[in-house]
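Here the structure is laid out as structure tokens; the discussion comes afterwards.
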Amino acid sequence: MTRSRPDRTVALAALALMLFLYLTAEVFTAGALLPMARSLGVGVGAVGMLVMVYAAVAAVTILPMAALTTRVAPRRMLTAAMLLLALSQAGIALAPSLGWVVLLRGLSAMCHGAVWASAPTVAAAMLPGRPGRATAVVFVGGALGNVLGAPLVAWLSALASWRIASAVLALLSAGCALALAWSVPASLRPERSRRGAQVPSRHDVLGVARWCALVTLIAAAHLTTFTFLAERAADAGVTGTGLAALLLAMGGGGLAGTLLMARLHDPHPRASTLGSVAVMTLSLLACGAELGPFVLGVAVVAWGGAYSALVVALQAFVLRDAPEWAQLASSWYVLFFQVGIAAGSGLGAVLIARSDSTSAIALVSAGLAGCGLVLATVATRGGAAPRRDGRGARVSTSSHDTLRP
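Sequential numbering of the sequence shown, starting at 116, is according to the working numbering.
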């Protein structure tokens, strides 16, 4: 079905907003850590564990939910996912205890995999012949969610309250659901009805597995400290609106890192990736040093830029090495991303409960990032995994084809 330009514009914008809102919901507690702990009468470690719970539920449900996207019409699936997020955030705004928050966050996390599996394929169907542009437009929402979600939550929490921040997120999610229901074509069919499933070879799976392992380490390194960044900043004398400014600066660094990696990855995939892991490692070391708020601020901005750049780079590697089964490979990638998030936030919660030093948590993150640097050095050696057909025979491709998913 051919859509008018205004309809397509609204649909693509709604898809981008959907990814932004889902990522903001995932990192909500990182931006509202201290006020939530005070309001609910629990420790910051307990609130920090909410990130782990969300990631764990998302990880467990990613593959079955991604499979569901091949059976249910995209408009119905995405609208339902956003309505569920709206219900979840509205409930969190009224939650009387931590237990209710855990339950409601788990509810929205169930659709995380479906959202990420469906958004790029729906966007590509909306702009036939221009899948690259369509995917890039939608992933802008994901990039902004990664870098601006937590700062906006922190700002609203400081300006009003964390409950107001959750209510605003609920209203935006409901509005996004309406936009999706109106603008996404009803004629779009589930993927299974359009084409047969692609069965990857063992070699292809091993090629993607290296990036899944690396993103697990990088996400764990990031979330171990990021989940409790508010506590680390408070120890350095940065609180309230200062914390919101710090997170916003980190978001700005992340956006810059995203844009820079978009320019550097294709011509210099190995150098840009290794450089980003190295910067992340050094930045986390600086965060762990007791050198005052200025050094902490600079380190956090550099850390945010490096981490966001790596999110772009590793996703690009997955798409490059799995051109014939990109959706399935991306589902596995998101699964391991969530495993890293759950492991990192859980590790951070354990460390903050057993140690009086928040700087030690950053040093542990730096150690994980250092391990990631070693793995990245090995994983990026030798370039792209050669493409093979269903019998395992090598398929010749140009570098242009392999570097452009």
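Don't be surprised by glycine CBs; every beta carbon is placed ideally from N, CA and C.
Please return the same chain residues whose Cβ sits closer than 6 angstroms to the Cβ of Val-162, not counting the five positions on each side in sequence. On the sequence shown, position 47 is the one that residue 162 refers to. Hits under 6 angstroms: Thr-144, Leu-148, Met-151 and Ala-152.
Nearest candidate by alpha-carbon position, reference Cys-291, set Leu-200, Leu-213 and Leu-274: Here the question's residue 291 lines up with position 176 in the sequence shown. Closest option to Cys-291, Cα to Cα, is Leu-200.
For Trp-231, the three-state DSSP class (helix, strand or coil): As a position in the sequence shown, residue 231 is number 116, starting the count at 1. Reduced to three states, the DSSP call for Trp-231 is helix.
By DSSP, does Gly-355 sit in helix, in strand, or in coil? Locating residue 355 in the sequence shown gives position 240, counting from the first residue. Looking at Gly-355 - three-state DSSP - the assignment turns out to be coil, as it is neither helix nor strand.
From Glu-346, Leu-379 and Ala-491, pick the residue whose C-alpha is nearest to that of Ala-477; which is it? Numbered from 1 along the sequence shown, position 362 holds the residue referred to as residue 477. Comparing Cα-Cα distances from Ala-477 to each of Glu-346, Leu-379 and Ala-491, the minimum goes to Glu-346.
Ranges of the beta strand (DSSP E) found wholly within the segment 415-487, counting only runs of at least 3: none
Along the alpha helix (DSSP H) that carries Phe-341, what are the first and last residues, could you check? Residue numbering aside, residue 341 sits at position 226 when the sequence shown is read from its first letter. Phe-341 -> alpha helix (DSSP H) spans 317-341.
For a test of the three-state rule: what should DSSP assign to Thr-184, helix, strand or coil? To locate residue 184, count along the sequence shown from 1; it is residue 69. Reduced to three states, the DSSP call for Thr-184 is coil.
For the segment 452-463 against the segment 414-424, do three or more pairs of beta-carbon atoms, one drawn from each stretch, fall closer than 8 angstroms, so that the two count as touching? no
Leaving out five residues on either side along the sequence, give the residues of the same chain with a beta carbon under 6 angstroms from the beta carbon of Ala-170. As a first step, residue 170 must be located in the sequence shown, where it is residue number 55. Cβ within range, chain order: Gln-453, Ile-456 and Ala-457.
Is the segment 258-266 close to the segment 131-138, with three or more CB pairs under 8 angstroms? yes
Within its chain, find whatever has a CB closer than 7 angstroms to the CB of Leu-271; leave out the 5 residues flanking it on each side and keep chain order. Position 156 of the sequence shown holds residue 271. Once the five neighbours on either side are set aside, the close Cβ partners of Leu-271 are Ile-279, Ala-280 and Val-283.
Which whole-angstrom value is the C-beta distance of Phe-63 and Val-159, which I expect to be below 8 angstroms? The first residue shown for the chain is 116 and the last is 520, placing residue 63 beyond what the model contains.
Nearest-angstrom beta carbon gap, Leu-178 and Leu-450 [assumed within contact, 8 angstroms]: Here residue 450 is taken as the residue at index 335 of the sequence shown, counted from 1. Here residue 178 is taken as the residue at index 63 of the sequence shown, counted from 1. 7 angstroms between Cβ atoms; contact.
Which complete alpha helix (DSSP H) runs does the segment 163-224 hold, if anything under 4 residues is left out? 189-209 and 213-224
Would you kindly check if the distance between the Cβ of Leu-165 and the Cβ of Leu-329 is under 8 angstroms? Walking along the sequence shown from the start, residue 329 turns up at place 214. Walking along the sequence shown from the start, residue 165 turns up at place 50. In this structure, Leu-165 does not lie closer than 8 angstroms to Leu-329 by Cβ.
In the DSSP assignment, find the alpha helix (DSSP H) that holds Val-283 and state where it starts and stops. Indexing the sequence shown from 1 puts residue 283 at position 168. Per DSSP, Val-283 belongs to the alpha helix (DSSP H) from 277-298.
Could you tell me which of Leu-389, Arg-191 and Ala-377 sits nearest to Val-489, measuring between CA atoms? Here residue 489 refers to the residue found at position 374 when the sequence shown is read from its first residue. Measuring from the Cα of Val-489, the nearest candidate turns out to be Leu-389.
Looking at the structure shown, is Gly-407 part of a helix, part of a strand, or coil, going by DSSP? Stepping through the sequence shown from its first residue, residue 407 is reached at position 292. Looking at Gly-407 - three-state DSSP - the assignment turns out to be coil, as it is neither helix nor strand.
Looking only at its own chain, which residues have a Cβ that is under 7 angstroms from the Cβ of Val-196, when we skip the five neighbours before and after it? Walking along the sequence shown from the start, residue 196 turns up at place 81. The residue you asked about is not Val; residue 196 is Ala in the sequence shown. Only Cys-226, Ala-229 and Val-230 meet the Cβ criterion.
7 angstroms Cβ shell around Ala-240 - same chain, five flanking residues per side excluded: Here residue 240 refers to the residue found at position 125 of the sequence shown. Correct list, in chain order: Leu-303.
Is the separation between the beta-carbon of Asp-436 and that of Val-323 shorter than 8 angstroms? As a position in the sequence shown, residue 436 is number 321, starting the count at 1. As a position in the sequence shown, residue 323 is number 208, starting the count at 1. Taking 8 angstroms as the Cβ cut-off, Asp-436 and Val-323 qualify as a contacting pair.
If you follow the alpha helix (DSSP H) that Pro-150 is part of, which residue opens it and which one closes it? Looking up residue 150 in the sequence shown gives position 35. Here the alpha helix (DSSP H) through Pro-150 covers 148-155.
Quick one: using the 10 Å Cβ neighbour count with 16 as the cut-off for buried, is Arg-220 buried or exposed? Your numbering for residue 220 matches position 105 in the sequence shown. Arg-220 comes out buried.
Opening and closing residue of the alpha helix (DSSP H) in which Asp-350 lies: Within the sequence shown, numbered from 1, the residue matching residue 350 stands at position 235. 344-350 is the span of the alpha helix (DSSP H), which, as asked, contains Asp-350.
If distances are taken between C-alpha atoms only, which option among Leu-434, Ala-269 and Leu-399 comes closest to Arg-325? Taking the first residue of the sequence shown as position 1, residue 325 is located at position 210. When each option's Cα is compared against that of Arg-325, the closest is Leu-434.
When DSSP labels each residue in this structure, what does Asp-381 get in the three-state scheme? By one-based count along the sequence shown, residue 381 stands at place 266. Reduced to three states, the DSSP call for Asp-381 is coil.
Determine the contact status of Val-392 and Ala-484, defining contact as a CB-CB distance below 8 angstroms. Here the question's residue 392 lines up with position 277 in the sequence shown. Here the question's residue 484 lines up with position 369 in the sequence shown. In contact: Val-392 and Ala-484 (Cβ atoms closer than 8 angstroms).
Buried or exposed: Gly-214, going by 16 or more other Cβ atoms within 10 Å of its Cβ? Within the sequence shown, numbered from 1, the residue matching residue 214 stands at position 99. Gly-214 comes out exposed.
Thinking just about the alpha-carbon of each residue, which of Ala-301, Cys-402, Arg-496 and Ala-335 is nearest to the one in Arg-191? In the sequence shown, residue 191 corresponds to position 76, counting from 1. When only C-alpha atoms are compared, the closest one is Ala-301.
Out of curiosity, what's the CA-to-CA distance linking Gly-487 and Ser-472? For the purposes of this step, residue 487 is taken as the residue at position 372 of the sequence shown. For the purposes of this step, residue 472 is taken as the residue at position 357 of the sequence shown. Roughly 24 angstroms between the two C-alpha positions.
Considering only the alpha carbon of each residue, which of Ala-404, Thr-184, Trp-277 and Met-365 lies closest to His-337? Indexing the sequence shown from 1 puts residue 337 at position 222. Of the candidates Ala-404, Thr-184, Trp-277 and Met-365, the one whose C-alpha sits nearest the C-alpha of His-337 is Met-365.
Look at the alpha carbon of Ser-203 and the alpha carbon of Ser-154, and state the distance between them as a whole number of angstroms. Start at 1 with the first residue of the sequence shown, and residue 203 comes out as number 88. Start at 1 with the first residue of the sequence shown, and residue 154 comes out as number 39. Going by the C-alpha atoms only, they are around 19 angstroms apart.
Spatial distance of Leu-533 from Ser-423 (CA atoms): Limits of the chain in this structure are 116 at one end and 520 at the other, which puts residue 533 out of reach.
Let me make sure I understand the geometry here. Which of Ser-480, Val-125, Trp-447 and Leu-183 has the alpha-carbon closest to that of Ala-238? As a working mapping, residue 238 is identified with position 123 in the sequence shown. It is Val-125 whose Cα lies nearest to the Cα of Ala-238.
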